[in-house]
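Residue numbers (this note's numbering): 189 to 511.
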Ligand code: ZN
């Protein structure tokens, strides 16, 4: 459905032939028709701002990221040390996400700040799923903790950069225990954590369980977080080489995509991945050049046809002769 909607809105826009609508549809799970229309408008603006005649795949993926995470902040000044920490942090997310079977596909890893974040790892589902299973939630928490784990292992220190990850991971673990009945010990009971009631002057959480249960809830959340943390640590410790390769490539190129992540996980060296990226860049540039030349030829042909038609009309009207 999304692919069709995209194609309809793409009709009156100069879209590059490299744009793969099926892939964009896959990346935009959860987008409404209006979101998709906006997305293509954003991409067209971006292409125009960069003096490109056609909207490329890069314009579109950048617009998806903008919709999801806010615009890139290329102008923010970042120290080399901060870049290095971010590169390890994001590689930690990406590699854990790549290894765990229930995580969404890692599409993009970057150390360019975006919104409030110093960097980002973008993973998007390749199918539309409404249900979050226990395994998927556990794998997601593990991936969220991968950033902090990587800092601990490689930087030998931890930063505040993981605060949002930790907050999100804890929230999910709490819901698993108190709302989704996913703790074997406490069972399928709702502990009403989000029941806020108005008592006289202010809102208070209506606690419907004993202090003993409250302690058990905390201990169950603690267990989930600790076991996910341990698993993230195990995954990263067994992939030191891949981690270092990804960091080198990120420090050089700032943003990498699905293909590069694949190559790194297959054990390619940083040099091999960089040369792959450079060849790809040359290929893309050449393609854009060829398309520009083809468009130019097309325009010349059209002009020629108009001239011939005008001449014929003049000849038929007796204004000019064959000579
Ligand atoms: Zn993070």
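Here a beta-carbon is modelled for each residue, glycine too, at the ideal position from N, C-alpha and C.
Compare the Cα-Cα distances from residue i to each of the options and report the closest residue.
{"i": "residue 201", "options": "229, 311, 356 and 210", "result": "229"}
{"i": "residue 469", "options": "238, 246 and 217", "result": "246"}
{"i": "residue 325", "options": "344, 398, 397 and 409", "result": "409"}
{"i": "residue 301", "options": "464, 248, 254 and 405", "result": "254"}
{"i": "residue 421", "options": "342, 265 and 310", "result": "342"}
{"i": "residue 415", "options": "349, 366 and 327", "result": "327"}
{"i": "residue 186", "options": "211, 378 and 224", "result": "An answer regarding residue 186 cannot be provided, because it is not within the stretch 189 to 511 covered by the chain."}
{"i": "residue 455", "options": "426, 365 and 479", "result": "426"}
{"i": "residue 365", "options": "349, 332, 413 and 344", "result": "413"}
{"i": "residue 265", "options": "189, 299 and 496", "result": "299"}
{"i": "residue 443", "options": "306, 191, 400 and 329", "result": "306"}
{"i": "residue 405", "options": "271, 369, 259 and 432", "result": "369"}
By the three-class DSSP mapping on this structure, what secondary structure does residue i have?
{"i": "residue 457", "result": "coil"}
{"i": "residue 338", "result": "helix"}
{"i": "residue 471", "result": "helix"}
{"i": "residue 207", "result": "coil"}
{"i": "residue 501", "result": "helix"}
{"i": "residue 346", "result": "coil"}
{"i": "residue 365", "result": "helix"}
{"i": "residue 285", "result": "helix"}
{"i": "residue 427", "result": "coil"}
{"i": "residue 380", "result": "coil"}
{"i": "residue 477", "result": "helix"}
Distance check for residue j and residue i, CA to CA, integer angstroms please.
{"i": "residue 205", "j": "residue 488", "result": "21 Å"}
{"i": "residue 354", "j": "residue 347", "result": "12 Å"}
{"i": "residue 208", "j": "residue 499", "result": "43 Å"}
On the DSSP bridge assignment, give the partners of residue i in chain order.
{"i": "residue 296", "result": "310 and 445"}
{"i": "residue 260", "result": "302"}
{"i": "residue 243", "result": "203"}
Three or more C-beta pairs below 8 Å linking the region 275–292 and the region 447–459
yes
Are at least three pairs of beta-carbons, each pair with one atom in the region 215–224 and one in the region 190–199, less than 8 Å apart?
yes
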